[in-house]
Amino acid sequence: MTDISVTTEPPVFVLCNARSGSTLLRFLLDAHPDLACPPETNLPALCAQLATVWSLIEGAPLSPDRGAEPPEVPDAAIDGIRHTVELMTSSYLGRRASNRFCDKSLGTARYAELLLRVYPEAKFLCLYRHPMDMIASGIEACPWGLTGYGFDSYIAGSPGNIVLALARYWADHTGAILAAEEQFPQSCHRVRYEDLVTDPERTADEMFKFIGVPSAPDVTAQCFTGDRERSGPADFKIWHTSRISRDSIGRGWTIPVTRIPAAITDQLNELTEKLGYLQVDGGWGTTSAPADVRVGCEPTAAGKENGRACDTDGPGATLLRRRLSAAIAGLDGAFTRRWGPHADAPFGIVVSPCADGRDLRLRIDLSTRSITRSADGADDGTEWDVLGSDRMWEDVLGGGANLGAALRANALRYCDTGDDGRPIAAESRIDLLSDLLGLATWPSTRQSQTRQDGERQHEGVVQ
Numbered sequence: 465m466t467d468i469s470v471t472t473e474p475p476v477f478v479l480c481n482a483r484s485g486s487t488l489l490r491f492l493l494d495a496h497p498d499l500a501c502p503p504e505t506n507l508p509a510l511c512a513q514l515a516t517v518w519s520l521i522e523g524a525p526l527s528p529d530r531g532a533e534p535p536e537v538p539d540a541a542i543d544g545i546r547h548t549v550e551l552m553t554s555s556y557l558g559r560r561a562s563n564r565f566c567d568k569s570l571g572t573a574r575y576a577e578l579l580l581r582v583y584p585e586a587k588f589l590c591l592y593r594h595p596m597d598m599i600a601s602g603i604e605a606c607p608w609g610l611t612g613y614g615f616d617s618y619i620a621g622s623p624g625n626i627v628l629a630l631a632r633y634w635a636d637h638t639g640a641i642l643a644a645e646e647q648f649p650q651s652c653h654r655v656r657y658e659d660l661v662t663d664p665e666r667t668a669d670e671m672f673k674f675i676g677v678p679s680a681p682d683v684t685a686q687c688f689t690g691d692r693e694r695s696g697p698a699d700f701k702i703w704h705t706s707r708i709s710r711d712s713i714g715r716g717w718t719i720p721v722t723r724i725p726a727a728i729t730d731q732l733n734e735l736t737e738k739l740g741y742l743q744v745d746g747g748w749g750t751t752s753a754p755a756d757v758r759v760g761c762e763p764t765a766a767g768k769e770n771g772r773a774c775d776t777d778g779p780g781a782t783l784l785r786r787r788l789s790a791a792i793a794g795l796d797g798a799f800t801r802r803w804g805p806h807a808d809a810p811f812g813i814v815v816s817p818c819a820d821g822r823d824l825r826l827r828i829d830l831s832t833r834s835i836t837r838s839a840d841g842a843d844d845g846t847e848w849d850v851l852g853s854d855r856m857w858e859d860v861l862g863g864g865a866n867l868g869a870a871l872r873a874n875a876l877r878y879c880d881t882g883d884d885g886r887p888i889a890a891e892s893r894i895d896l897l898s899d900l901l902g903l904a905t906w907p908s909t910r911q912s913q914t915r916q917d918g919e920r921q922h923e924g925v926v927q
């Protein structure tokens with residue numbers, strides 16, 4: 465009998481929808497020398513089936529719904545599932561000379577809790593794409609009718625309306641991924657398709673850092689070499705692709721939003737707000753297409769009324785949006801613990817002027833990992849804001865100016881709009897912003913923490 469070593473490194477699972485760029489993400493993972501990511505195995509679903517069978521054998525209670533996961537999976541079943549999985553994955557890793565197994569299967573989000581019981585140190589990559597672009601891609605992939613990809617039941621529920629079927633699919637599956645991300649934040653890392661194709665090297669580097677493997681320079685070129693496995697389901701176009709392109713961003717602008725009922729549109733927008741995407745409203749597709757579907761390029765409310773789209777923000781605003789999007793995508797529990805209550809308070813960043821002569825106002829809520837654009841003069845409930853010109857933000861983010869120096873010189877202005885106007889709060893908030901944007905901190909994190917500790921001690925004496 466062949467000797468099969470036992471896997472010791474926790475696996476990586478991709479939580480994704482169909483037509484979300486998951487095959488491209490699989491190629492990037494598989495191109496890393498320490499990782500091996502085969503085509504879709506449906507391994508998470510197999511774990512659920514094993515949990516049911518093992519629970520039955522162990523005499524544990526089963527779910528009243530046939531085929532559903534048991535309410536309580538015995539420890540013996542968990543051990544057995546892990547052993548069974550590792551018999552397969554260890555053999556595969558041995559053939560690939562890799563030490564970390566990655567799985568990219570559709571519908572994995574529903575099994576997240578079970579997978580974490582089997583592998584408590586497992587990592588989840590949560591992949592998202594704007595709903596309208598996903599709908600456009602789904603229609604292209606199924607020109608003769610919605611079959612495969614898990615679409616079948618959705619078109620059965622709305623025959624004759626492909627747009628509605630795919631919108632419901634996106635809402636259900638994206639909601640499941642977000643729920644897993646919110647339930648297990650320490651185990652999850654957010655990846656947006658748009659970030660993946662516009663800045664692939666940086667996005668890949670952030671993924672590898674989260675997984676705990678070394679960076680892999682030039683991985684975006686290596687991922688298209690001929691040794692990627694072609695068996696199993698995959699994006700049919702990727703075999704004819706030799707480079708990563710952002711050409712598919714915004715392709716959903718031509719999808720008729722009138723085919724989606726208001727109740728489903730509300731579901732889409734509740735999720736897109738959390739993900740930092742443009743909202744899907746009555747103006748969708750009625751003007752020239754925006755440069756991007758991520759927040760920051762959409763028209764303001766006034767711009768929509770006048771038929772203008774703010775899709776050519778200045779270099780400072782563009783840098784700011786990209787830096788914020790990447791930072792929020794990479795947020796982890798360490799950041800939240802480091803900044804405590806300051807990380808829970810929504811804040812605003814204002815860039816003036818925008819391309820159409822108005823200010824770009826972004827509302828950042830780290831607790832929901834969302835970036836939303838506000839209309840001019842809107843009261844969006846932020847507790848503090850930082851305001852500056854497009855040129856000054858470009859200088860600060862580009863390394864030509866120091867954030868602290870810009871604030872002292874009033875080139876950037878801090879405004880407290882909430883209840884906490886103490887200097888200690890202002891300094892800590894600026895330090896948080898520096899950390900979030902990857903800037904040299906001012907004041908330093910250690911100084912800020914010392915002040916916070918001193919403040920808590922003082923308050924304890926007063927009480």
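With the sequence shown counted from 1, adding 464 to any position gets you the working numbering.
Every residue gets a Cβ at the ideal spot worked out from N, C-alpha and C, and that includes glycine.
Could you have a look at residue i and say whether DSSP puts it in helix, strand or coil?
| i | result |
| --- | --- |
| H547 | helix |
| G716 | helix |
| F674 | helix |
| L610 | coil |
| F588 | strand |
| C566 | strand |
| V850 | strand |
| V757 | coil |
| L735 | helix |
| A482 | coil |
| R710 | coil |
| A500 | strand |
I'd like to check one pair, residue j with residue i: are the Cβ atoms closer than 8 Å?
| i | j | result |
| --- | --- | --- |
| L867 | L903 | yes |
| L784 | R656 | no |
| G864 | V815 | no |
| V757 | I713 | yes |
| S601 | R710 | no |
| V744 | L735 | no |
| D498 | S562 | yes |
| F477 | A643 | no |
| H496 | C590 | no |
| I719 | L788 | no |
| D854 | A755 | no |
| F588 | A605 | no |
| P649 | G797 | yes |
| A807 | F799 | yes |
Mind reading off the beta-carbon distance from residue i to residue j? Whole number of angstroms is fine, and I expect it under 8 Å.
| i | j | result |
| --- | --- | --- |
| Y878 | W848 | 7 Å |
| C566 | P475 | 7 Å |
| Y592 | T638 | 6 Å |
| C480 | L570 | 7 Å |
| E504 | K568 | 6 Å |
Just to confirm the assignment, what range does the beta strand (DSSP E) spanning residue i have?
| i | result |
| --- | --- |
| S651 | Neither: S651 is in no beta strand (DSSP E) and is coded neither H nor E. |
| L479 | 476-479 |
| R827 | 824-829 |
| T836 | 834-838 |
| W748 | Here W748 belongs to no beta strand (DSSP E), and DSSP marks it neither H nor E. |
| C879 | 876-880 |
Suppose the cutoff is 6 Å on Cβ atoms and the five residues either side in sequence are ignored; what does the same chain contact list for residue i look like?
| i | result |
| --- | --- |
| A631 | I724, I728 |
| A809 | E847 |
| D597 | R715, G716 |
Taking residue i as part of the alpha helix (DSSP H), name the residues at either end of that continuous run.
| i | result |
| --- | --- |
| S601 | 595-605 |
| G812 | No alpha helix (DSSP H) holds G812; the beta strand (DSSP E) holding it covers 811-816. |
| S617 | 616-621 |
| L578 | 576-582 |
| F799 | 797-803 |
| Y657 | 657-662 |
| G868 | 867-872 |
| P508 | 507-522 |
Who are the near neighbours of residue i in its chain, counting only those whose CB is closer than 7 Å to its CB and skipping five residues on each side?
| i | result |
| --- | --- |
| R574 | A640 |
| R802 | none |
| M552 | none |
Could you name the residues of the same chain whose beta carbon sits closer than 8 Å to that of residue i, not counting the 5 residues immediately before and after it, in chain order?
| i | result |
| --- | --- |
| A540 | W518, E522 |
| V926 | Only weak support exists for where V926 lies, its pLDDT of 30 falling under 50; the coordinates are left without a value. |
Please find out if some non-hydrogen atom of the ligand PLP comes closer than 7 Å to the beta-carbon of residue i.
| i | result |
| --- | --- |
| T800 | You won't find the ligand PLP in this model; it holds no ligand whatsoever. |
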